[in-house]
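Colleague: full-length UniProt numbering applies: residue 1 is where the sequence shown begins, and numbers increase by one.
Beta carbons: idealized from backbone N, C-alpha and C, even for Gly.
All of these numbers come straight from a predicted model, not from anything done at the bench.
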Amino acid sequence: MDSIVMCGYSVHRQCDFPEEIGGNRHYLIRLQSHGECGARLNDGEQFTLCKGDLLTLAPGDKLKLRKDKLSDDPADVSGDYYLICRGEWVTDWYREIGERKLTRVPPNESLLELWRLLIRETRRVPEAGDEEYLESLLRTFCLSVKRLLNQGQKGESDFIVFRMRRFIEDHAVEKLRVADVAEHVSLSESRAIHLFKEITGRSIVDYLMEVRLNFAIEQMKYTGSTLEEIAENSGFGTYSYFHRVFRRLKGMSPGKFRQKYREDVDWQE
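1) So, at 7 angstroms on beta carbons, what are the nonlocal neighbours of K221 in its own chain, with the 5 sequence-adjacent residues on each side left out?
2) Taking the alpha helix (DSSP H) that T103 belongs to, which residues open and close that run?
3) Closest by CA to L143, which one among Q46, S157, T91?
4) Check whether the Cβ atoms of R165 and Y207 sit closer than 9 angstroms, and answer yes or no.
5) Provide the residue(s) that pair with L55 in DSSP beta bridges, ordered along the chain.
6) Count the other CB atoms, across all protein chains shown, that sit within 10 Å of the CB of T238; report buried if there are 16 or more and exposed otherwise.
7) Counting Cβ pairs, one atom from each stretch, are 3 or more of them under 8 angstroms apart for the stretch 129-148 and the stretch 1-8?
8) Count the other C-beta atoms from every protein chain shown that fall within 10 angstroms of the C-beta of G129, then say buried if there are 16 or more, exposed otherwise.
9) Is it buried or exposed for Y94, if we count other Cβ within 10 angstroms and need 16 for buried?
10) Looking at the strands, I want to know which residues DSSP matches up with C7.
11) Buried or exposed: which applies to Y241, given that a residue is buried once 16 or more other Cβ atoms fall within 10 Å of its Cβ?
12) Can you check whether the CB of R100 is closer than 9 angstroms to the CB of P59?
13) Alpha carbon to alpha carbon, how far is F47 from S234?
14) When you compare only the Cα positions, how much space is there between L227 and P254?
15) What is the DSSP secondary structure of A231, reduced to helix, strand or coil?
16) Taking C-alpha atoms, which residue in H34, L49, G35 lies nearest to L41?
17) Thinking E169 and A179 are a contact (beta carbons under 8 angstroms), I'd like their distance in whole angstroms, please.
18) Report the residue from K250, R177, L102, H34 whose alpha carbon sits nearest the alpha carbon of E45.
19) Straight-line CA distance for K250 to T200?
20) With H, G and I counted as helix, E and B as strand and the rest as coil, what does DSSP make of F47?
21) Our contact map puts V211 next to A172 with C-beta atoms below 8 angstroms; I'd like the distance itself, whole angstroms only.
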């Protein structure tokens, strides 16, 4: 069974770990969240871990960390998320990601949220059935890391657009502007618009409307909310705007769509 050995978050103002982090049975996933930290892997070349550096180490890999106290500045710290795990599935996962040791990844709030969930769940008093639940969370986390690494391999432009899409999906129901999406990936608005269109074949606004529409359709199918409430909850604001976008993309009004869906469900039952 795949299992989590240890999971947490650590901050160091000064550290010198003569002992080696790692083991003969465990995999280590470590993300430098802020600050810098000296490192040496497998007694080889020394390097500096900077914000966004993701380490994925296999059993047998040895990691030594060091941070000298350079100032009295409280912000001069090294922070990292870490996960130590083991299992046959994890072994297969590690082979699938290409056994990469060190990769620079951009900020990814979805991954950090999942990491924080793992930390909370591993710290609470265990109950019956927790092993299966934690194993599922571990696999979900590892697959998220794999997806992030695979997107990074496609090239810088593809990865930037991947981040833009995730940002849109996370904030679609808010008052989101194209300028907000561009700022998230540190691009000018015109460059973000051109790049998104080049990679996906559609505009940022069209993708935003599609995400909002999918969310609205889920509410139309499975809730009793009014169409006016759904329009507001999905980020469209007014029903008239929601109606106009829905008809343009779906070829019918929201009311007609909901009626047709309910008739189809009643017929199947």
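Modeller: In brief:
1) Y261
2) Where T103 is concerned, there is no enclosing alpha helix (DSSP H), although the beta strand (DSSP E) it sits in stretches over 102-104.
3) T91
4) yes
5) R30, L102
6) exposed
7) yes
8) exposed
9) buried
10) L83
11) exposed
12) no
13) 46 angstroms
14) 7 angstroms
15) helix
16) L49
17) Not a contact, Cβ separation roughly 18 angstroms.
18) L102
19) 20 angstroms
20) strand
21) 4 angstroms
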